[in-house]
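Number of protein chains: 2
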Amino acid sequence: MQYLKIMEAINEQIDAGLLSGGHKLPAERKLAESFSTTRVTLRESLALLEAEGKLYREDRRGWFVSPDPLRYDPTYTTDFPAMAKAQGRTPRSELLSAKRVPASRRAASLLNVKPLTEVYRIDRLRFLDERPVVVVTNFISPRHFPDLFKHNITDSLTSTYREQYGVIYSKTQFRVRSTSLMADTAHHLRATSGTPAMFVERINYDQHGNLIDCDLEYWRHDAILIESTATI
Amino acid sequence: MQYLKIMEAINEQIDAGLLSGGHKLPAERKLAESFSTTRVTLRESLALLEAEGKLYREDRRGWFVSPDPLRYDPTYTTDFPAMAKAQGRTPRSELLSAKRVPASRRAASLLNVKPLTEVYRIDRLRFLDERPVVVVTNFISPRHFPDLFKHNITDSLTSTYREQYGVIYSKTQFRVRSTSLMADTAHHLRATSGTPAMFVERINYDQHGNLIDCDLEYWRHDAILIESTATI
DNA sequence: TAGTGGTCTAGACCACTCA
DNA sequence: GAGTGGTCTAGACCACTAG
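Chains as they are written, first to last, in full-length UniProt numbering: chain H, 1 to 232; chain Y, 1 to 232.
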């Protein structure tokens, strides 16, 4: 189990702080040579460190040391930009697409509307310190938000809801599942298909108990730490 | 990207219900042959399905189709046996060890005591339908639970706390992180080092606000779906 | 354009599981 | 004891990134 030894060796260097967040590792062929092994075995070690959340990979760009994860409280509705800044990180968001679509089966079930009802669909890509970390899809009931696309929908829907429509989140249902990235989602995150991911699904209600919208979030799994407190 | 095609082919069979939870796949060499490829490539596909949570592996035993995950509400303090039964599953717990130990740095920090303070440490392995799914370590402040080991500490600490000591959970802090299994933990779960895992850490308080204990849980990542509702 | 990571081949040996 | 999965070797070609 040579790959475990290699893994430990790299791990030690990370823990010792010799390699810090965002640092790029040497080329695979060079690492393989310096550990006297083949690329296949070396990649096994790297994949393990990726699974553990110590390293991440950018497609065809190489291996990097993972920065500290963002602490994320799904019960708390601070928006992404605020949350990131509060933790000393630099957030950025890109709008991938915003359109009105007939609700897919999944979206209809989450929003509790009939399939094919027209809903807003917003896709965004969010960055932490210029690293893409999450792809977010929102399905939104248009009934509560006429002309939503006339406002800022890129940075924080939470803020737009509040400032433009007087709608405030008051209840949220969430699910968290471990999975992997595929196709487009992987590509936006500069990842290859199969990269480990955290999937977070939320359904949000306003102060009157109305179902407002839902999020489907695919996070690079090393970039997020779910953290919350519950009083029973 | 042959491995994606193989992945889809297997995926379809699972979704079509041809292969259901717990079903064992044919030998790797046979699968490789039937897809006209080598074991290395075939294993790449299987690993992807593992990352996605569709398949799991038991060390040297082969590949299996993942059963539905257990829905787990970290804010709700139903004990494991009750939660499993409520979802139509058969739970079982094994005591791996129970001892008094000087608190490790991590344990001391979680329990908010001085390092090396003596605490209880209980390690357990829990099964769903005879599949090992989670290794749980509890660190417990002995102050609140004299002679704890005289009672049932295998099945449900929650019940023992309540019935023997009148202690009821009233607040819980939790963290969820995606990681991988290593060494002993992997072995107990019949997994190899590096298998994807969900790590759940909880700190629990009683009805008077006293810090009671903490859990460190390593779940097979396909066996758990975190699910909760929060009112803000 | 040079070098990199992504993918794939065709083997091999070993320790272990299971019948 | 046969067959399995776990690990490893020593290559190869390609599409892409980075300079």
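All C-beta atoms in this analysis are idealised placements derived from N, C-alpha and C, irrespective of residue type, glycine included. Given the structure is predicted, the values throughout are model-derived calculations rather than measurements.
For residue i, the first and last residue of its enclosing beta strand (DSSP E)
i	result
Y:Phe199	Pro196 to Asp206
residue 294 of chain Y	Look at the range of chain Y in this structure, 1 to 232, and you will see that residue 294 of chain Y is not part of it.
H:Thr158	Careful: H:Thr158 lies outside any beta strand (DSSP E), inside the alpha helix (DSSP H) at Leu157 to Tyr165.
H:Thr231	Ile224 to Thr231
H:Phe127	Glu118 to Leu128
Y:Asp213	Leu211 to Arg220
H:Tyr72	Leu70 to Tyr72
Listed by chain order, chain H residues near residue i by CB distance under 9 Å
i	result
Y:Gly53	Arg177, Ser178, Thr179 and Ser180
Y:Ser66	Under the 9 Å cutoff, chain H gives no residues; its nearest Cβ is about 11 Å from Y:Ser66.
Reduced DSSP secondary structure (H/G/I, E/B, other) of residue i
i	result
Y:Lys171	strand
Y:Ala32	helix
H:Val40	helix
H:Pro102	strand
Y:Pro91	strand
H:Ser45	helix
H:Ser178	strand
Y:Ser109	helix
H:Arg190	coil
Interface partners of residue i on chain Y, CB under 8 Å
i	result
H:Ile232	Thr75, Tyr76, Thr77, Tyr169, Ser170, Lys171 and Thr172
Amino acids of chain Y, ordered along the chain, whose beta-carbon sits closer than 7 Å to that of residue i
i	result
H:Ser228	Phe174
Interface partners of residue i on chain H, CB under 8 Å
i	result
Y:Leu4	Ser193
Y:Leu48	Ser180, Ser193 and Gly194
Residue span of the alpha helix (DSSP H) that contains residue i, given as start and end
i	result
Y:Tyr3	Gln2 to Asp15
H:Asp59	Counting along the chain, H:Asp59 falls outside any alpha helix (DSSP H), and DSSP gives it neither H nor E.
Y:Lys24	Careful: Y:Lys24 lies outside any alpha helix (DSSP H) and carries neither H nor E.
H:Lys114	Counting along the chain, H:Lys114 falls outside any alpha helix (DSSP H), and DSSP gives it neither H nor E.
Y:Lys85	Phe80 to Ala86
Near the ligand ATP: residue i beta-carbon under 7 Å from a heavy atom
i	result
Y:Leu31	For the ligand ATP, the structure offers nothing, since it holds no ligand at all.
Which residues, in chain order, does the stretch 150–177 of chain H contribute to contact with chain Y at a C-beta distance below 9 Å? Those residues of the stretch 150–177 of chain H that come within reach of chain Y (Cβ to Cβ, closer than 9 Å) are Ile168, Tyr169, Ser170, Lys171, Thr172, Gln173, Phe174, Arg175, Val176 and Arg177.
For the stretch 83–116 of chain H, which residues have a CB atom closer than 8 Å to at least one CB atom of chain Y, in sequence order? Within the stretch 83–116 of chain H, no residue qualifies.
Using a Cβ-Cβ cut-off of less than 7 Å, list which residues of the stretch 207–228 of chain Y approach chain H; keep chain order. Under the 7 Å Cβ criterion, the stretch 207–228 of chain Y contributes His221, Leu225, Ile226, Glu227 and Ser228.
Would you list, in chain order, the members of the stretch 191–206 of chain Y that have their beta-carbon closer than 7 Å to a beta-carbon of chain H? So the list reads Ser193, Gly194, Pro196 and Met198, given in the order they occur along the chain.
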